[in-house]
Amino acid sequence: MGLAFGFLLTLGAIWGLSVSTSKLAVAAFGPISVVFWYALIAFLVLSLVSAIRRKPPPLNGRHLRYYLASGLIGFAIPSLNNVIVVQHVPAGILSTVIATAPVFTYAIALAARQERFQAVRAIGIGLGLVGTLVILLPANSLPDAAMVPWVALGLLTPCLYGVTAVVISRYMPRETDAMTLANGFLAVATLFYLAILLASGSDAVPWPPVWPASHMVLWLGLSSSAAYVLYFQIIRMAGPVYLSQVGYLVVSIGVLAGMLIFGERHSLWVWIGIGLMVAGLALVNLGQMRARRAIRAAR
Numbered sequence: 036m037g038l039a040f041g042f043l044l045t046l047g048a049i050w051g052l053s054v055s056t057s058k059l060a061v062a063a064f065g066p067i068s069v070v071f072w073y074a075l076i077a078f079l080v081l082s083l084v085s086a087i088r089r090k091p092p093p094l095n096g097r098h099l100r101y102y103l104a105s106g107l108i109g110f111a112i113p114s115l116n117n118v119i120v121v122q123h124v125p126a127g128i129l130s131t132v133i134a135t136a137p138v139f140t141y142a143i144a145l146a147a148r149q150e151r152f153q154a155v156r157a158i159g160i161g162l163g164l165v166g167t168l169v170i171l172l173p174a175n176s177l178p179d180a181a182m183v184p185w186v187a188l189g190l191l192t193p194c195l196y197g198v199t200a201v202v203i204s205r206y207m208p209r210e211t212d213a214m215t216l217a218n219g220f221l222a223v224a225t226l227f228y229l230a231i232l233l234a235s236g237s238d239a240v241p242w243p244p245v246w247p248a249s250h251m252v253l254w255l256g257l258s259s260s261a262a263y264v265l266y267f268q269i270i271r272m273a274g275p276v277y278l279s280q281v282g283y284l285v286v287s288i289g290v291l292a293g294m295l296i297f298g299e300r301h302s303l304w305v306w307i308g309i310g311l312m313v314a315g316l317a318l319v320n321l322g323q324m325r326a327r328r329a330i331r332a333a334r
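Letter 125 of the sequence shown, counting from 1, is numbered 160 in the working numbering, and no numbers are missing.
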């Protein structure tokens with residue numbers, strides 16, 4: 036489990052730093068250019084991995100429909116939403132919001148009747164909601180009241196991740212491994228961003244190179260591809276419940292990075308809200324662990 040823990044720390048660091056690095060990059064090059072190169076670099080790296088493994092993404096109709104749905108709802112739209120929102124809110128707050136994806140996943144699964152009601156997980160959803168309201172509603176919570184709608188828009192990202200996990204995963208081709216599928220949906224995301232670039236007339240190439248923004252774009256692409264490899268490796272080595280702990284690392288590193296890089300300082304209301312959201316995440320994860328143990332015990 037030592038190697039799995041090292042992988043978990045690395046994955047948490049990558050995801051925790053991604054919001055701050057996006058904030059640095061998008062300030063210089065704009066959101067569309069950043070996400071296009073971010074997706075393209077990740078796609079090229081995973082394509083190389085697929086070539087080495089001799090497992091190219093299948094291109095039949097069922098797989099193409101999956102790539103389209105997961106590429107847009109599970110990657111392209113939430114990633115674009117992140118780089119738009121991060122221009123207007125502290126990186127630490129957005130990192131916390133994104134990390135609540137498991138809370139949204141359970142709520143959506145419950146509504147879709149794919150999960151049974153569990154009191155502990157329902158309380159987790161409630162705490163996550165209260166934490167969000169504690170950040171949004173008090174007049175002196177955020178540095179600027181104009182940030183409130185942007186933080187609310189940031190909630191679209193974990194919501195879309197939840198939709199992807201619950202709805203789209205039902206149509207996942209089970210005979211194809213997840214890393215190969217990731218390669219396919221990254222191709223869709225890259226083409227989606229390219230179409231937006233061409234339609235908007237935005238500059239596709241972040242040129243001239245500007246430190247640190249250019250390096251951040253490269254880092255986002257390379258680290259994203261590494262994150263996919265780590266993600267699936269951790270699941271293989273230690274299971275999805277163990278992986279769910281990465282959310283706490285994402286929040287901790289994301290908030291700390293925002294404070295160190297941008298000098299962010301949060302009000303007491305924000306700290307209380309972050310604490311409630313992390314507590315909600317913990318309860319949802321605890322309920323997931325109990326549910327999986329019950330399934331194993333019944334076998």
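The beta-carbon is built from N, C-alpha and C at its ideal position, and this holds for glycine as well.
Less than 9 Å between the beta carbons of residue i and residue j, yes or no?
i       : j       : result
Val-80  : Val-69  : no
Asp-212 : Phe-152 : no
Trp-50  : Val-319 : no
Leu-46  : Ile-269 : yes
Leu-172 : Ala-314 : no
Met-312 : Thr-192 : no
Leu-226 : Trp-72  : no
Phe-78  : Ala-222 : yes
Leu-38  : Val-281 : no
Gly-289 : Ile-170 : no
Gly-189 : Gly-322 : no
Val-283 : Ala-326 : Here the sequence assigns Tyr to residue 283, which means Val is not the residue at that position. No, these two residues do not count as a Cβ contact at 9 Å.
Ala-248 : Ala-74  : no
Ile-87  : Val-305 : no
Return the Cβ separation of residue i and residue j in integer angstroms, given the expectation that the two are a contact with Cβ distance under 8 Å.
i       : j       : result
Ala-292 : Leu-52  : 5 Å
Val-183 : Asn-117 : Their Cβ separation, rounded to whole angstroms, is 18 Å, which puts Val-183 and Asn-117 out of contact at 8 Å.
Gly-308 : Gly-166 : 4 Å
Val-336 : Trp-185 : The structure shown has nothing for residue 336, since the chain only spans 36 to 334.
Once you ignore the five residues that flank residue i on each side, which residues in its own chain have a CB closer than 7 Å to its CB?
i       : result
Leu-257 : Ile-76 and Val-80
Gly-302 : Position check: residue 302 holds Ser in this sequence, whereas Gly was assumed. If we look at Ser-302 and ignore the five residues flanking it on each side, its Cβ neighbours are Asn-175 and Ser-176.
Tyr-203 : Looking at the sequence itself, residue 203 is Ile, so the reference to Tyr does not match. Hits under 7 Å: Ala-104, Ser-105, Ile-108 and Gly-109.
Ala-144 : Glu-150 and Val-201
Thr-56  : Met-251, Trp-254 and Leu-255
Leu-229 : Phe-71
Arg-97  : Pro-208
Excluding the five sequence neighbours on either side, which residues of its own chain have a C-beta within less than 6 Å of the C-beta of residue i, listed in chain order?
i       : result
Lys-58  : Val-121 and Ala-126
Ala-111 : Ala-224 and Phe-227
Arg-156 : Tyr-141, Val-319 and Gly-322
Leu-278 : Ile-269 and Ile-270
Apart from the five residues just before and just after residue i, which ones in its own chain have a Cβ nearer than 8 Å to its Cβ?
i       : result
Ser-85  : Pro-91, Pro-92, Met-214, Thr-215 and Asn-218
Pro-66  : Leu-115, Val-118, Ile-119 and Gln-122
Tyr-101 : Ile-203, Tyr-206, Met-207, Pro-208, Leu-216, Gly-219 and Phe-220
Ala-262 : Leu-46, Ile-49 and Trp-50
Ala-147 : Val-201 and Val-202
Ala-180 : Ala-174
Against chain B, with Cβ distances strictly below 9 Å, would residue i count as a contact?
i       : result
Ile-296 : This model lacks chain B altogether; it includes just one protein chain.
Kindly examine the ligand PLP and report whether one of its heavy atoms sits closer than 8 Å to the Cβ of residue i.
i       : result
Gly-163 : Only the bare structure without any ligand can be found here, which leaves the ligand PLP out of the picture.
Touch test, the stretch 190-209 against the stretch 137-144, Cβ-Cβ under 8 Å, three pairs minimum: yes
Could you pull out every unbroken alpha helix (DSSP H) segment of at least 4 residues lying fully inside the stretch 52-130, listed in chain order? 66-88, 96-106 and 112-120
Those runs of the alpha helix (DSSP H) which lie wholly inside the stretch 131-198 and span at least 4 residues: 136-146, 154-171 and 183-189
Length-filtered (4 minimum) alpha helix (DSSP H) runs lying within the stretch 214-271: none
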